[in-house]
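Residue numbers (this note's numbering): 663 to 757.
Don't be surprised by glycine CBs; every beta carbon is placed ideally from N, CA and C.
Since the structure is predicted, the reported quantities are computational estimates derived from the model, not experimental observations.
Just below is one structure, and these are the notes that go with it.
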Amino acid sequence: MLKLRLIKAAVLLMTFLLLFGTVLLIARFAGRIGGRGETSAAMPVLLEEPDGSQIVQISSGPDRLYILVRGGNRPDRIIIFDHRTQRKISNININ
663 MLKLRLIKAA VLLMTFLLLF GTVLLIARFA GRIGGRGETS AAMPVLLEEP
713 DGSQIVQISS GPDRLYILVR GGNRPDRIII FDHRTQRKIS NININ
């Protein structure tokens, strides 16, 4: 009788551990897919624009940022920036 109780207790304990581990694993994968996984630290970026320049608007593409800049004694311009490599790709003058 004692052996049967020990076996039942062991089965219940292993079932609990198995279920708990499965739920923990699913929650971890769901967090990474949902964007709540590990994030990289913010890095300062220098656009090398003259004094008086103002960022008016920022739009994003799959791997690029498009930054509308005005002022700085230069014509309005769009800066194309690759956020993966942290580099300015090109400038497009509007005026």
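Return yes when at least one heavy atom of the ligand GTP lies under 7 Å from the C-beta of residue 694, else no.
The ligand GTP is not among the ligands present in this structure, which contains no ligands whatsoever.
May I have the straight-line CA-CA distance separating residue 749 from residue 734, to the nearest angstrom?
Taking the straight line from one Cα to the other gives about 21 Å.
Would you mind listing the beta strand (DSSP E) stretches within the stretch 692-756 that are 3+ residues and don't spill past its ends, in chain order?
Fully enclosed beta strand (DSSP E) runs of 3 or longer: 715-722, 726-733, 739-744 and 749-755.
Integer Cβ distance of residue 718 from residue 727, believed to fall under 8 Å:
The beta-carbon separation of residue 718 and residue 727, rounded to 13 Å, does not stay under the 8 Å limit for a contact.
Can you tell me which of the three DSSP states residue 663 falls into?
Secondary structure of residue 663 (DSSP, three-state): coil.
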